[in-house]
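For reference, the structure is listed below as C-alpha cells.
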Amino acid sequence: MAKVVQGIVRSEMDTSKLFEKFTIDEIREIEHKTRSDIERKKEDLRTMVGERYRDLIEAADTISEMKNTVSKVTQSVNSMQGYCQKLQHTHLIKGVSVGQQSSRDIEKKNEEREFFGIATQIKLLLDMPEKIWSAMDDDQYLCATQLFLLARHINTSLQLDSQQSVRINTWFPVLSRQWAAISQFKTTILQGCRQLLKACDTKESTITSCLCSIILLEDSTPRQVFTEFLLARTGAVQQLFQPDEKSIKSQICEIVQLIITTIYQIHSIFYCHSGSHKQDDKLPTNLLMETLNEVMDKNHSNSVIIDTSKSVSLRLLPQSVSNFRPSLRTPPSAISDHHLQSSCTEWLNTSVQDVHAGVTKLLVYVTNIKALAGIRDALWEFMQKTEYLQEWAKICERVVKRKVAVWEEFVQPLCLSRVQSIIDTQLDQTLNTHMQNITKVLTDLSSPNEKSLMHDRDLSSYIWHESPKDIAATNAWLPASSKTLADGGGLMMKARAFTPTIQRLCQHLDGKLKVLLEDLDYYTAKDSSSEDDSEDGPFNRLADSPVLQKHIQTGCLQHMNKLRDHIGQQLKGSQGQLNSTDIEGAGILINRILLLGRLCGAMCDLAPNLHKCVLLKEKQDKAVKIKRQSSISAKSKQIEDPIWIEVKSNMTDTSCTAFKIWTDYTCSQLVSHFEQMLLDNSGHTALRASTQWDEVQIQEETEDGKTIKSVIRVPMQCSWFVQTLLYDLCGEINRVAGHSISRAVLLELVDNITESILKVFESYLTHTANPQTPQQIPQTQTKALQLIFDIKFLSGILSKKDDSSASKLNQKRVAKIVDKLESKVDPFDLDVFSPYMQSHLYKHIQRCSVLFGSLTSLDKHGTFMSTRGTTSGSQEQHNVLPLSTCTTRFNLLPFSAQSTRSSLQQPLLSPTKMQMLSPTTTMTTLSQESLPAVQRDSGSFFNQVSTIWFSNIGNKKT
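Each step along the sequence shown adds one to the number in the working numbering, with nothing skipped, and position 264 is 247.
And the structure:
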C-alpha cells in the first residue's frame, strides 16, 4: 500500500483527486510522508551548507539583487561603449577633432569614470566574501586578512564624504548590507588563526601567517603574539590529555611532537640574530618580522590581493585602493633574546608539570611493560626521523640557553615509574597467588580422599614407582653444560624428592616470573631484529635497564622474605598444634611441615627464573660465559652471586627449620614408646620384648681333672622394642625420602635419638639403683645382659666414631651405663659371657647394617667391618679393601679399611676344624669354635659356682 501511495503522490498532487481516490487514513499517511520528506530535505540542506555558510544564506537575497544590479551596470557600460564608438565614427566623418570637447563633456566623463570606479569597488566588495572563504579554506589566513583589510579600507573610503556617501547609498543600496556581512570575517579569521596555533603539525609558514594576521587585525606587537603563541601551545598540551579515541601511544607521541615543534617554531619565527652575531647555519629565523615587513612594504607587489591584469574593470580602481598596503600604528620590533629565553624557560617548566600530570594519568591504563616499550620506541623513531634534531642543541641554546632533553625531562621518569609499578604489581600478584596455592595444597593434604597428594604423604610410593617420564627423551642429545634440573626427567625429580605437587607449585611460580621477565625484556633488552643501535640516536633506549634490573632484584628479594615469613608462620602454627592433637592430626601436620620444607628446598632449583630475577643481567651474562668455559675446562668454576647465595641460604634455613620440627616430633614419639617398653615391668611387656638367645656349650675341668660340659645362653640380637625403634625410625626416614634430606638433618635426628635413649637408660638405672624408690624396677641378671647387648648395639648403630667432643661425651655416657649394667651381673659370669656377646654383637651389627643403613654414619662400615684378625703364623694382609668374613647376604663384600683395630681379635678357623664340621653344625657351634678355649683351674669360677646356674639359663640340666 505504501508503494502505491508513494507512486500516486509523485504523479498527482491535486488535493481534490487525493480526496477522491484515497481514504482519510491514507491521506493522513500521505501527509505524514510528505512532512517527513520536507524535514529530511531540510536536515540534508543544513548538513550540506553548515555553519560556515550561514552568512551566505542570510545574504542570499542580497547577492541575487547584486547580480541583477551588476548585470544592468554591465549592460549600461556596454551601451555606453557602443554609443561612444558611434559618436567617434560620426565625428570623424564630419571632420571634427576628438580633442575638441566641451568642458561639459569632460566633466561628464569624469563623473562616469568616478561612477565606474565606485561600481568596481562595490563589485570588489561583493566578491570579497567568496575570496575570503576560499583563502581560509586553504589556510591562507594572511591573504584573508589582507582581503578583509582591503574591504574595510574600501568601505571607509566610500564613507568619508557624507554627500558622496548619500549618493553612493542611493546608487548602490547593497553597500551597507555587504559591509555588515564582511565585518564578521574578522572574528572568524582570528578564531581560525588561534585554532591553527594549537595544532602540532602546522608548518612554520602557516604559523607565521596566522601570527601576522593577528598582529594586523588587532594592531598588536610581536611580543604580544609571542605570549599568545605560548599560551596557545600550553592550552594545546592540556587539550591533548582530554579523552579521545586515539591510543595512548598516539597521544604521548603528539605531546612530544608538540613540545619539539614548538621549540623549533619559536626559533624559526621569533628568534632574531643580534647584530654582532652572524648566522652560520641554514636554520630559518625571524620569519615573523620578515613576513610583516613584506606585507607592509609599499614597494612590494600587491598581486595577491588585486591582480589588475586579469580584469579590465579593476583598472578603474582608484590608486588609494590599488596601492593599498596594511599598516600598524607602531612599527613592529623584534623580540629581545632575554625576553625570548625567559618566556620559553617559563613555558617549558609549565609544560613539564602539565605533561607529568597528564601522562601519569594516561599511563595508569597501560598494564604491561611491552606497551611502554612500544611508546618509547615510537618516540625514538619519531625523533630519529625529525630532520632538524641534528641542530637541536644549537636551537635549544638560542631559545632556552640549554639543551632540552625531551625524553629525559618529559617522558622517561614517568615510564620508569610506571614500569616499576607494574613490576611491583606483578610480584605482589605472583606472591599472593603462590601463597594461595600453598594454602590450598596444605588444606587438601588433610583430606585422605585427595589422590593427587598421595605421594606427599608417603614419598616412597612416588620414588619407587616407575613412570615413562623418568628418563627425558632429549637427555642424550643435550650437552652437559646446557642441562638444567628439569632436563633430567622424572628420575631426577625422584632423586631430589620433588613430588608432582612441589613441581606444580614451583612451575606456577616460575611461569609467573617468566612472563614478567619476558615482558621486562621488551624494555631492557636490545632488539636483535633492529639494525639501529639503542645507545645512539635521539636518546639511549636502554638507559633504564640497570635501574629496572636492580628494582626487580630488590622487589624479588623482598617478596622472597615475605614468602619465607609466611612459611615460617605456617611452620610455627603447625608446631604449636602438634602437642595438642591426636596421632592422626599430628600426622597431617607433619606432612604439611615436610611439604613446606621440601618446597623451600625446591624453589631455588625448580624456578630458574627466580635466579634470573635475583641475578642482574650483566652477572647473568658473566655466569653464562663462565659456564661455557667450565664445559671446556674442568678447572673452571662458576662463581655464584652473593645475593643469590643468601637467598638459597635463607630458603635452606627455612627448610631445615621444617625438618627440625619433624626430627623433634619423630624423636619424641619413638623414644616415648621406647621408654614405655623399657620401664614397663609387666609380664606381657617382657614377653613382647624378649628375643631368642644363643645356646653355647662350654667345657671345664674340675680339680679331679674331669671335663664338665655346660650349656649357656647369651643374647644374640637386641630386644624387640629396640629393633622396633630403629625400624620405625628407618621407615620414617624412607617415607620422607631420607636420601634427599640434608645429611646434617639426619645426623641431628640420630643425635637426638641417641641423646634421648641415653637419658632413658640413665633414668632406668636411677630407678633400679635406689631400693627405697616406690617406682623401683626389679633388675635381674638376664635383663641386665640383654640391656648391655641393647645399649652396645644402639651405640654401634647410632653413635659416631669421630673425635668431636659430643661423640666422646656420648661414648663416656655409654661406657658409664654399661658399667652400671655390668655391676648387676656376676663378675665371673660376665667374664664368660662377654666374648660371646661381643661376637654376637659384631655379627648382629653386620646383619643389620643394611637394614638400618639410613642411620649408620659415614664411618660405620670401616669401624665394624675391619675386625678381622690375621691367621696364626701368617702375616697381615695389607689390602686396601679388606673382605668381610661374615656377611649374611653378600659374600666377599669389600669395605673400606681403617688403621684402628678392635680390641677383640677373632682367629679364623683352622682347616682341621673346618673339616671336622658336620652338616648339622650350628652357628652356635661355629661361634664357639671361633672363640679361644676358656681354660679354668681349680680356683676358677667353676669350682665355686655350680654349673647348674648356667644350665638354668638355658632351661637345661647337665
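Heads up, the beta-carbon is just placed ideally off N, CA and C, and yes, glycines get one too.
All figures in this text were calculated on a predicted structure; none of them were measured in a lab.
Asked                                                                                                                                                : Found
Could you check which residue in Met366, Leu838, Ala720, Met699 has the C-alpha nearest to that of Asn523?                                           : Met366
For a test of the three-state rule: what should DSSP assign to Lys775, helix, strand or coil?                                                        : helix
Since Gln680 sits in a beta bridge, which residues does DSSP pair it with?                                                                           : Val694
Could you tell me if Glu228 is buried or exposed, where buried requires 16 or more neighbouring beta carbons within 10 angstroms of its beta carbon? : exposed
Taking Glu113 as the reference, give the member of Arg160, Ala164, Ile736 with the closest Cα.                                                       : Ala164
Short check: CB of Thr537 to CB of Leu525, under 8 Å?                                                                                                : no
So, are the CB atoms of Val383 and Ile242 less than 8 Å apart?                                                                                       : no
In angstroms with no decimal places, state the Cα-to-Cα distance between Arg796 and Ile771.                                                          : 13 Å
With respect to the alpha helix (DSSP H) encompassing Phe816, which residues constitute its N-terminal and C-terminal limits?                        : 810 to 834
Can you tell me where the alpha helix (DSSP H) with Thr484 in it begins and where it stops?                                                          : 483 to 507
Would you say Leu488 and Asn562 are within 8 Å of each other, going by their C-beta atoms?                                                           : no
Under the rule that 16 or more other beta-carbon atoms within 10 Å means buried, what is Ser557, buried or exposed?                                  : buried
Which term fits Leu834, buried or exposed, when burial requires 16 or more other beta carbons within 10 angstroms of its beta carbon?                : exposed
Does DSSP put Thr139 in a helix, a strand or coil?                                                                                                   : helix
Taking 7 Å as the limit between beta carbons, can you name the residues of its chain near Asn938, skipping five residues before and five after?      : For Asn938, the predicted model reports a pLDDT of 37, less than 50, meaning its position is unreliable and no value from the coordinates is stated.
Let's see if you can read the secondary structure: which residues bound the alpha helix (DSSP H) around Ile943?                                      : Outside the displayed span of the chain (-16 to 941) sits residue 943, for which this structure offers no information.
On the criterion of 16 or more Cβ atoms from any shown chain inside 10 Å, does Met63 qualify as buried, or is it exposed?                            : exposed
If you measure between the beta carbons of Glu1028 and Ile691, is that distance less than 8 Å?                                                       : It is not possible to answer for residue 1028, since the shown part of the chain is limited to -16 through 941.
Going by C-alpha distance, which of Ile46, Leu768, His534, Lys807 is nearest Trp162?                                                                 : Ile46
Verify whether the separation of the beta carbon atoms of Leu108 and Ala118 is less than 8 Å.                                                        : no
Please state the DSSP three-state secondary structure of Cys953.                                                                                     : This structure cannot speak to residue 953, because the chain is shown only from -16 to 941.
Which same chain residues end up closer than 7 Å to Gly520 when comparing Cβ atoms and leaving out the 5 residues on each side of it in sequence?    : Trp363, Gln367
Which first and last residues belong to the alpha helix (DSSP H) in which Ile535 is found?                                                           : 528 to 561
Confirm, please, whether the CB-CB distance from Val304 to Ile101 is below 8 Å.                                                                      : no
Rounded to whole angstroms, what is the Cα-Cα separation between Leu355 and Cys583?                                                                  : 35 Å
How many whole angstroms separate the CB atoms of Ser837 and Gly721, which I take to be in contact at a CB cut-off of 8 Å?                           : 5 Å
Output the boundary residues of the alpha helix (DSSP H) element that contains Ile318.                                                               : Where Ile318 is concerned, there is no enclosing alpha helix (DSSP H), given that its DSSP letter is neither H nor E.
Beta-carbon separation of Leu777 and Ile740 under 8 Å?                                                                                               : yes
CA-CA distance, Leu887 and Pro818?                                                                                                                   : With a pLDDT of only 37 at Leu887, under the threshold of 50, the placement of this residue in the model should not be trusted; the figure read from the coordinates follows. So the alpha carbons of these two residues sit roughly 8 Å apart.
What is the DSSP secondary structure of Gly568, counted as helix, strand or coil?                                                                    : helix
Could you tell me which of Glu22, Phe5, Phe98, Asp663 sits nearest to Ser59, measuring between CA atoms?                                             : Phe98
Under the three-state reduction of DSSP, which class applies to Asn717: helix, strand or coil?                                                       : helix
Can you give me the C-alpha to C-alpha distance between Ile535 and His549, rounded to a whole angstrom?                                              : 21 Å
Helix, strand or coil for Glu14 per DSSP?                                                                                                            : helix
When the Cα atoms are used, what is the spatial distance from Ser325 to Thr210?                                                                      : 12 Å
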